[in-house]
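Chains A and B, in that order, are what the protein sequence lines are. Read in order, the letters of the first sequence are residues 1 to 686 in this note's numbering. Read in order, the letters of the second sequence are residues 687 to 972 in this note's numbering. We treat Cβ as the ideally placed atom computed from N, Cα and C, and that holds for glycine.
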Amino acid sequence: MEGQPPPEEEEESEESQQRQARRARRASLGQTPSASETVEAGDVSARASQASLGAPLSQTSLRWSLPPGSLSSLGLRIEDLDEESTSLMDTLSLTGRVPSHGSMAENYPGGLDAAQYGFFQPMDFHTAMFQPEPVLSSGSFQPDEEEEAHGPYALDDPQFRGSHLDPGFGPFDYELPEPEPRELMIQNAKAYLLKTSVKCDLSLYEHLVNLLTKILNERPEDPLAILESMNRTVQEEWFHKKLDTLRDDPEMQPTYEMAEKQKVLFLRGAGEGEQEMEEESIPVPNIIESAFYFEQAGVGLNSDETFRIFLALKQLILGLERNYLVAEVEFREGEEEEVEEEGEELVEGAGEAMEGRDEEEGEEDEEKEVDEPPKSTWKPPPVIPREESRTGANKYLYFVCNEPGRGWTRLPHVTPAQIVNARKIKKFFTGRLETPIVSYPPFPGTEANYLRAQIARISAGTQISPLGYYQFGEEEGDEEEEGGARRDSYEENPDFEGIPVVELVDSLANWVHHTQHILPQGRCTWVNPNQKSEEEEELGEEEEKADEPDEVEQEIGPPLLTPLSEDAEILQLTPWTARLSCSLCPQYSVAVIRSNLWPGAYAYATGRKFENIYIGWGHKYSQDNFNPLLPPAVQMEYVIGPETMEMVDPTVEEEQALKAAQEQALAAAEEEEEEDEDEEDEDADD
Amino acid sequence: MLTGWLLVAAMDSESLLLSLELASGTGQGLSPDRRASLLTSLLLVKRDYRYNRVLFWGRILGLVADYYIAQGLGEDQLGERKSLYSLNCMEWSLLPPATEEMVIQTSVVKGRFIGDPSHEYEHIEMQRTTEGEKTYEDEVMIQIKEESRLVSVIDQIDKSVAIMPRGALFKTPFGPVHVNRTFEGLTLADSKKLSSYFHFVEPVELKNKSLLEKADLDPSLDFMDSLENDIPKGSWSIQMERGNALVVLRSLLWPGLTFYHAPRTKNHGYIYVGTGEKNIDLPFML
């Protein structure tokens, strides 16, 4: 086999000389060629380097005839290899064990023909077996067989001392005058190159071999420009061998775990699908279809992520460390809610007792008796009871999970106090449900409650549907209830025919809210917090009553199914933006509507289908900067009155003046009395 | 911008799609018709303006219409970038470069973008004019065009939150910055650290590092500021998605900027899809 150094290399003369020098040296040290194969026994280190570079496995067999280890570095190589492979001859195992370095394998031109240029074939191959004796047959070095004729290398010429061409080569010792000077100088030069330093095993020779092999294999466009980086890469590769197949990569461990969990998703999903069809359980909305439509609108996750979230999800809320996927689950009447997802942690059903919040906090210290420091007459505002399950803000049950494949966690019901507080603060979600919310005013709950409160607000504000999709129930009894016509329920309109997309975009009146608005109180239906005051009166008859509880006005919100056009504007900003998804093909596009108040809330509608989704950070939009609530004014500790006011002591003059005045008054009074007596006496005398 | 460095250098259309897929975790993406028109129109832009690379920067949502922004780069990666905008992903118009006064002037404008580049915001300012000895305070109505606001917002975003993984660019001794073709991606451990990402601007804080820290740096790779010292702390959210196969950084200062990188591969890029408003409430929200 002829070595064919690729002729098209454009390297500078210096480098080419080096290469050629190396080639020549390899020829002298070269191994016996094996008869049958395509690839040669090259240098041991070259072989090793090729192995580590993930050489293509097109070689059928390799045979090594190793030299008895004349040079130290070669010996080192052998020992290393001894450890790793059982048989030195079995180089295939060596190459097989080393997973190919990523880019290298990819960059190999397809269909490598090792004969061609699969490896950098440095040499020439009829060389005799290397022998430690420097006596070499003259046939070992055959410059004629190489394509380029090289002149004698003046550097290594024993007669030539000091070269300016290649400063890497130092002066040589010429101990053995017998062998031909050319071979000698070749050997010397190679010996120098093969020297390994104290610090590392890699000699310059081997490194250069690796480097050039890599360059020749990869054929980058401008090798000189990237020479340094390639240099560094090759060094790194040498020292950071890829882990073998027996051990798993520790870095990738979490990835694999995640993938396994998600695999479970796929498998079980298939099994559950059949069951669902039989039982007619809660229909999982067709996520893929929704995702497709949302993609038309330019919203949504990429398709395989969506597929993994092929569960009853409707919202995704971004967090700092992890995101939340929120699934909205509706109770079926009279039944416990079913968790149709195959979450690994199935949370218990709705049968659990509801937490009562009946503590009457206003009654704390009213029972104690006298000789107390002045009692606090402050009563905390009465606790507004939270809404029952399945009504109002608690109409749906929400489950969250961080990533599809992990279990779903149920979010607790929301209380009005939490909603009211959530309106006042603005915090990022961290992705862990147990994080406490540190804020002012202090939020009653952890991140789970805050999340739930935000979900409630977002749903109340942004769940919309085309006009006519839902209609009110048939009962007429609502009119007579207090508070006017408040309708709590709606149902799908079977006769809904869909509104043309163009109209949906043009006018906001074609969309309606189908969730109840949350009142400032924090609930959807208003509750008079003073209704309990009767009980309190009974208990607290004998106690002082400070201020009367203020009269609370009934709060009324817009009724259900209000069109969007009624939504209030925020500072000249329309609260919704409607668009056609694709202006180029209006007949097939969908109507997309985007909320400006809750950035990230989208809805699409086309024909008879519509869907809502929320993907965002979970915060309301406000043009002005967020101003946290100011702490309240400092309370008065005591009543200000004359007894507690500090008075200035009267000065001496004032006291004397007062005394004088009093004496005058006394004197005047006595005189009057005397006069009266005199008058009376006079009268009496008369 | 989505790299996409393959986008135009190799006329490879697939990398844009892949990048969009990877960056879409934030929920905003592009609809298929937009993507298709982007690919064709960006090629034409590259030809017309003779850019070395054209990258899709992102999308700014306005009330009436959205702006699609692209940027063209010359030879020097860290050099000047020309921004172009389009309303329909087909016709692109060049934007003027940002100047300091423009940035200052438009910083008073608040609120959403309208979507009409010729829209003018009116801003009332008190100006004092002295004529002779008297000083008048006049209310002057200043008109600020939305185009300049667009320019300054893009500039601010680029300066503050455009990032690159460490090693993706390297600096040659002659000055120009080149793409590192042997960049194989960050390792998983590195990709979770903020210090492996750099701001894609001229460094500001680099000189302030102590000598001890500088000794560990490699001058050809570490020539930009890293994200570690960003104020306020915690203004970046790092997440691993798809079970560690993708690392996504999202900026909390400019919500909507998403940077993605697939560890151990060359894929990285960033895209901004948002309203174009800075999140000034950030310190309250952390």
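Query, Result
"Chain A contact for B:Asp967 (CB, 8 Å cutoff)", "yes"
"Three-state class that DSSP yields for B:Glu761 in the structure shown", "coil"
"Selection of the segment 420-452 of chain A by Cβ proximity to chain B, strictly under 7 Å", "Lys426, Lys427, Phe428"
"Residue closest to A:Ser589, alpha-carbon to alpha-carbon, out of A:Ala578, A:Trp598, A:Leu597, A:Ile215", "A:Ala578"
"Nearest-angstrom Cα separation, counted from B:Glu927 out to B:Lys879", "15 Å"
"Euclidean distance between Cα positions of A:Glu447 and A:Ile613", "21 Å"
"Proximal chain A residues relative to B:Leu938, where beta-carbon distance stays under 7 Å", "Phe428"
"Three or more C-beta pairs below 8 Å linking the segment 929-939 of chain B and the segment 734-741 of chain B", "no"
"Backbone secondary structure at B:Thr726 - three-state DSSP", "helix"
"8 Å Cβ cutoff, A:Lys314 in contact with chain B", "Low per-residue confidence applies at A:Lys314: pLDDT is 37, beneath 50, and the placement is therefore not dependable, though the value from the model is reported in the following sentence. Not one chain B Cβ lies under 8 Å of A:Lys314."
"Proximity below 8 Å, CB of B:Thr961 to CB of B:Leu747", "yes"
"Rounded C-alpha distance that separates A:Thr574 from A:Glu228", "58 Å"
"Chain-ordered residues of the segment 617-630 of chain A with a beta carbon less than 7 Å from chain B", "Trp617, Gln623, Asn625, Phe626, Pro628"
"Beta carbon proximity, A:Ile226 to chain B, threshold 8 Å", "yes"
"Three-state class that DSSP yields for A:Gln275 in the structure shown", "Reliability fails at A:Gln275, whose pLDDT of 37 lies under 50, so the model's placement of it is uncertain and the value that follows must be treated cautiously. Looking at A:Gln275 - three-state DSSP - the assignment turns out to be helix."
"Span of the beta strand (DSSP E), counted from its first residue to its last, around A:Tyr470", "470-472"
"Contact with chain A by B:Phe860, beta-carbon distance below 8 Å", "no"
"Contact residues within the segment 914-926 of chain B, judged by C-beta distance below 7 Å to chain A", "Ser923, Gln925"
"At least 3 beta-carbon pairs within less than 8 Å: the segment 448-458 of chain A vs the segment 639-646 of chain A", "no"
"Inter-residue Cα distance where the pair is A:Gly319 and B:Met971", "Reliability of the predicted coordinates at A:Gly319 is poor, the pLDDT of 46 falling under 50, and the value obtained from them is presented with this limitation in mind. About 12 Å."
"Own chain residues within Cβ distance below 6 Å of A:Tyr205, not counting five before or after", "Leu193, Leu194"
"C-alpha gap between A:Ser595 and A:Pro631, whole angstroms", "32 Å"
"Endpoints, beta strand (DSSP E) assigned at B:Ser937", "932-937"
"Cutoff 8 Å: B:Arg739 Cβ touching any chain A Cβ", "no"
"In DSSP terms, what A:Asn612 is bridged to", "A:Ala603"
"C-beta neighbour in chain B for A:Lys181, strict 8 Å", "Here residue 181 of chain A is Pro; the residue named in the question, Lys, does not match the sequence. So no, A:Pro181 is outside the interface."
"Cβ-Cβ separation, A:Gln471 to A:Thr515 (assumed contact under 8 Å), whole Å", "At roughly 15 Å, the Cβ-Cβ gap does not stay under 8 Å, so A:Thr515 and A:Gln471 are not in contact."
"Short CB-CB distance (under 8 Å) between B:Ile971 and chain A", "Per the sequence presented here, residue 971 of chain B reads as Met, with Ile not at that position. Closer than 8 Å to some Cβ of chain A, the Cβ of B:Met971 qualifies, so yes."
"Interface partners of B:Asn866 on chain A, CB under 8 Å", "Ser229"
"The beta strand (DSSP E) enclosing B:Ser772, as first and last residue numbers", "767-772"
"Beta-carbon gap between B:Gly758 and B:Leu770 smaller than 8 Å", "yes"
"Contacts of B:Leu749 in chain A (Cβ-Cβ under 9 Å)", "Leu573, Thr574, Thr577, Asn596"
"Given B:Arg852 as reference, the closest of B:Val934, B:Glu891, B:Val794, B:His885 once Cα atoms are compared", "B:His885"
"Under 7 Å (Cβ pairs) to chain A, residues found in the segment 778-794 of chain B", "none"
"Extent of the continuous beta strand (DSSP E) to which B:Met926 belongs", "922-927"
"Environment of A:Lys214 [buried if 16+ CB atoms lie within 10 Å]", "buried"
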